[in-house]
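What follows is a set of notes on a single structure, which appears directly below.
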Amino acid sequence: MLKQLEYSVTFPSTGRTLSEAVLFQGGFGAIVGPNESGKSMIIEMIRFCLFGSGALRGKSEDYKNLKASLSFTVKGGDYLVERTSSKAKLSRNGEIIATGVTPVNQKIPTELGFGLAVFDMACAANQNQLLKLGEMKPSERQRAVDSVIGVSVLDDLAKLAGDEALALKRAADDLASHVTEPVMPVEPAGYRISADLEDEKRALDLLRSKADQLRGWLAHAKTAPVKPVLTVTESAAELEEQIAGVQALRAQRQALESELARIPAAANVTLEEIEEDERKAALHERYLDRKRFLAQHPMPDLTQDQVNSLRVAWEAHKRWQKFQHLTKQRDDLLAKGEHTCPSCSHHWPIASDALVAIDQELEGYTKVLMLEDKPATPEAKVDAQQRLIDLWDEAEWAKHVDAPAAPVEHQWTVQDRIRHRHGLEGKARRAELQAEIDAIVIDTTDYAGRLRQRQQYDAQMASYQDKVAEYEAWVVERDSKEIELDLLQSQLSGYDDVVKALSQACLYETQMLSYSVAFGRYNDGLIKIAGYRVEADDWNKVKDALKILRLKIKQHLVPSLNRVASSLITHMTGGQRQSISVDEEFNILVDGQAIDTLSGSGAAVANLALRIGLGQVLTNNVFSLFMGDEIDASMDKNRAAQTSQVLYTLKGRISQLLLVSHKFPAADYYIAVGENIEHA
């Protein structure tokens with residue numbers, strides 16, 4: 058039952074605004090008012106509140122600033138729905154149960170038990186939609202009514218059950234085509250279990266491994282050692298004594314040659330030339346010290362005062378740049394627009410809070426020095442000059458200021474000058490040393506080579522004696538191992554037969570395992586096929602039961618609808634029309650005449666009777682409401698009055714009836730509209 062409706066909406070194309078606050082009552086209410094006063098808007102807003110923008114007659118964008126709320130009662134619960142074009146909220150007994158357009162659109166049909174399609178068929182006859190049911194083709198009418206009463210759901214479920222049954226049958230047939238009984242493998246002759254054969258083979262493998270080790274040892278035969286030949290007659294001690302004598306003479310000669318080498322040969326140089334070159338070398342060293350100092354301590358190009366002036370200029374230029382940036386920010390914020398007070402038309406910027414902070418900061422810049430022109434000297438160079446000034450050491454520079462500014466050429470290095478001095482001093486000693494060197498004569502015989510040959514012979518002879526003893530022991534061991542190998546080979550004579558029997562046993566046991574698994578799968582497949590067929594039979598039973606249920610619903614609905622609609626049309630026409638007959642294919646006959654051949658008034662009253670009848674049969678126990686929007690427009694005064702009287706008498710069975718009309722029918726209460734219309 059509807060309780061209260063409030064709404065407001067503006068149409069952008071005309072600037073027209075409709076707003077109403079309507080208090081509904083039980084019984085028969087008439088919505089009256091002049092043409093285009095917004096009577097139908099009440100019906101439209103009720104449908105919008107219940108079912109959202111899909112219930113609007115136009116596009117959502119045609120309804121500017123749309124706002125509506127509706128309170129109603131369903132199954133003893135008090136509901137309040139509040140909507141705008143983009144928001145929605147639903148409350149039950151004061152508690153919010155859904156928020157948002159989509160959740161509310163889903164929640165209300167759940168609470169009612171039906172949606173907009175059922176509502177428009179059974180609870181509402183909208184403007185210019187009264188004849189819609191009668192104008193449909195029978196097949197279309199049957200689909201529409203089936204959808205309203207839920208039979209189409211049964212059809213969908215029956216189809217689903219049939220599809221499931223067919224799919225299960227096909228699955229069973231497909232599985233049956235792939236399930237075959239496996240063949241048991243044949244047991245090999247003389248079969249023994251592989252575990253016993255593996256133990257026997259493992260023992261033989263140990264013997265076989267030992268035989269392989271013996272063969273490997275015997276494969277590395279040793280040869281008898283060969284006695285070495287003597288080529289050097291002197292003993293090693295005699296040769297070492299000869300070598301020591303030669304080495305002593307060589308050491309004496311080498312010492313003399315070293316001393317001679319340390320005394321430089323006298324060059325054609327005077328002492329005065331050496332001293333002059335030393336003076337020039339000292340000046341050149343001072344030049345290098347000056348160069349190193351300047352490399353480590355570059356001399357600045359600017360004074361401290363010049364650096365300070367440039368830094369002040371750079372700070373003033375940066376303040377000018379910051380001032381320009383803040384001014385640009387302020388202009389951008391102003392460009393965002395203004396707020397306008399709807400009450401006093403006062404204007405203020407949208408970004409007023411940000412502008413206050415910027416204006417305060419700009420005010421501070423008017424009190425300090427700012428320069429638009431950038432200083433000619435880069436700021437990085439100014440900083441670099443300051444660092445050079447900080448690092449400059451005037452006292453250290455005084456040590457190098459009088460040093461040569463260019464390299465000083467000199468002839469010799471320090472070592473050359475020392476060598477020339479020694480050459481002048483050791484000219485006589487060189488002659489003595491050379492005479493002593495020439496007097497020493499050294500034997501050139503290769504005593505070291507002969508010593509190596511003698512030592513090699515002695516080592517070979519010692520090794521030969523060891524090898525003779527080792528070879529004789531090896532011969533004894535070889536004979537023993539050959540006897541042992543012959544014994545093992547006799548024990549391994551049946552090894553190949555054991556390996557073959559083990560291979561056959563393993564293959565047979567693997568085949569038996571595969572057979573057991575395959576046989577288990579085969580049994581599982583048979584069970585699964587049987588299960589598919591039983592389940593398919595169950596789904597077919599469900600399909601048949603749904604068809605029977607659909608038939609029973611139709612058998613109950615059609616007679617009930619015919620009875621209620623016939624009673625209504627009899628009262629609405631004052632007895633001129635007596636019956637409405639709807640068959641199971643939803644062909645509609647009014648007193649035996651097809652509904653689509655009736656006159657406008659006859660078709661209207663027949664459609665109205667059917668609509669109200671559907672509501673009585675389907676929804677009256679849940680939401681006892683019927684709304685008619687100018688359903689008497691095509692009726693004469695007498696038939697309109699009779700229709701109004703029938704609606705009036707229906708209030709005993711329908712809790713709430715609302716009729717939009719120009720004809721002021723006899724009603725329990727009236728809702729007059731047209732007073733709350735504004736034009737832009």
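Residue 58 is where the sequence shown starts when you use my numbering, and the numbers rise one by one after that.
Idealized CB from N, CA, C, for every residue including glycine.
Fair warning: this is a prediction, and the values are worked out from it, not measured in the lab.
Pairwise C-alpha distance: residue j and residue i
| i | j | result |
| --- | --- | --- |
| Gln-442 | Asp-358 | 7 Å |
| Val-730 | Val-79 | 9 Å |
| His-736 | Ala-392 | Bear in mind that the predicted position of His-736 carries a pLDDT of just 42, short of 50, making it unreliable; the figure below should be weighed with that in mind. The alpha-carbon atoms of His-736 and Ala-392 are separated by roughly 33 Å. |
| Asp-430 | Leu-412 | 28 Å |
| Ile-734 | Leu-59 | The predicted model places Ile-734 with a pLDDT of 45, which falls under 50 and marks its position as unreliable; any figure quoted below should be read in that light. So the alpha carbons of these two residues sit roughly 23 Å apart. |
| Pro-91 | Leu-62 | 20 Å |
| Arg-478 | Leu-328 | 8 Å |
| Ala-663 | Gly-172 | 24 Å |
| Pro-314 | Gly-483 | Sequence check: residue 314 is Glu here, not Pro. Roughly 14 Å between the two C-alpha positions. |
| Leu-75 | Asp-686 | 18 Å |
| Ala-651 | Arg-149 | 46 Å |
| Thr-627 | Ala-666 | 9 Å |
| Gln-386 | Ala-455 | 56 Å |
| Arg-590 | Val-615 | 38 Å |
| Met-629 | Asn-695 | 10 Å |
| Ser-251 | Leu-583 | 33 Å |
| His-354 | Leu-448 | 7 Å |
| Ile-711 | Phe-683 | 7 Å |
| Gln-546 | Glu-534 | 19 Å |
| Ala-278 | Ser-520 | 19 Å |
| Asp-500 | Gln-309 | 14 Å |
| Gln-381 | Ala-370 | 17 Å |
| Ile-728 | Asn-162 | 28 Å |
| Asp-523 | Ala-260 | 40 Å |
| Val-555 | Asp-253 | 10 Å |
| Ala-433 | Thr-360 | 16 Å |
| Gln-472 | Ile-331 | 12 Å |
| Tyr-565 | Asp-256 | 18 Å |
| Ala-318 | Glu-298 | 30 Å |
| Ile-494 | Leu-481 | 22 Å |
Sequence-distant residues of its chain with Cβ nearer than 6 Å to residue i (five each side left out)
| i | result |
| --- | --- |
| Asp-725 | Gly-84 and Phe-85 |
| Ser-561 | It is worth fixing the name first, because residue 561 is Gln in this sequence and not Ser. Same-chain partners within the cutoff: Pro-245. |
| Arg-507 | Val-289 and Leu-296 |
| Lys-284 | Tyr-521 |
| Thr-130 | Met-58 |
Whole-number beta carbon distance between residue j and residue i, since they are thought to touch under 8 Å
| i | j | result |
| --- | --- | --- |
| Phe-105 | Arg-140 | 7 Å |
| Ser-623 | Gln-635 | 7 Å |
| Leu-271 | Leu-542 | 4 Å |
| Val-439 | Arg-368 | 6 Å |
| Val-175 | Gly-109 | With a Cβ gap of about 15 Å, Val-175 and Gly-109 do not count as contacting. |
| Leu-137 | Ile-103 | Rounded, the Cβ-Cβ distance is 14 Å, inconsistent with contact. |
| Lys-226 | Ala-593 | 5 Å |
| Ala-516 | Ile-300 | Between Ile-300 and Ala-516 the Cβ distance is about 19 Å, and since that is not below 8 Å, they are no contact. |
Boundaries (first-last residue) of the beta strand (DSSP E) holding residue i
| i | result |
| --- | --- |
| Ala-5 | This structure cannot speak to residue 5, because the chain is shown only from 58 to 737. |
| Ser-292 | No beta strand (DSSP E) holds Ser-292; DSSP gives it neither H nor E. |
| Thr-397 | 395-397 |
| Trp-449 | Neither: Trp-449 is in no beta strand (DSSP E) and is coded neither H nor E. |
| Ser-65 | 59-68 |
| Ile-645 | 645-647 |
| Gly-685 | 682-686 |
Residue i: first and last residue of the uninterrupted alpha helix (DSSP H) it sits in
| i | result |
| --- | --- |
| Lys-337 | 328-353 |
| Ser-636 | No alpha helix (DSSP H) contains Ser-636, which DSSP labels as neither H nor E. |
| Thr-360 | Note, Thr-360: premise wrong, no alpha helix (DSSP H); not H, not E. |
| Phe-176 | 173-179 |
| Phe-105 | 96-108 |
Own chain residues within Cβ distance below 8 Å of residue i, not counting five before or after
| i | result |
| --- | --- |
| Gln-510 | Thr-288 and Val-289 |
| Pro-406 | Leu-390, Leu-391, Lys-393, Gly-394, Glu-395, His-396 and Leu-412 |
| Val-364 | Val-439, Gln-442, Gln-443 and Ile-446 |
Beta-carbon proximity list for residue i, same chain, < 7 Å, skipping 5 on both sides
| i | result |
| --- | --- |
| Val-638 | It should be noted that the sequence gives Ser, not Val, for residue 638. Once the five neighbours on either side are set aside, the close Cβ partners of Ser-638 are Asn-619 and Leu-646. |
| Ala-281 | Tyr-528 |
| Tyr-572 | Pro-239, Met-241 and Pro-242 |
| Glu-451 | none |
Cutoff 8 Å: residue i Cβ touching any chain C Cβ
| i | result |
| --- | --- |
| Leu-671 | Within the model displayed, chain C is absent; a lone protein chain is all it includes. |
Pairing CB atoms from the stretch 234-249 with CB atoms from the stretch 599-606, are three or more of them under 8 Å? no
Would the stretch 83-100 and the stretch 710-719 be scored as touching if the rule is three or more Cβ pairs under 8 Å? yes
Pair every Cβ in the stretch 248-264 with every Cβ in the stretch 484-501, then say whether three or more of these pairs are closer than 8 Å. no
Kindly confirm or deny that the stretch 367-383 and the stretch 454-474 touch, where touching means at least three C-beta pairs closer than 8 Å. no
Inspect the CB distances between the stretch 548-557 and the stretch 228-239 and report whether three or more fall short of 8 Å. no
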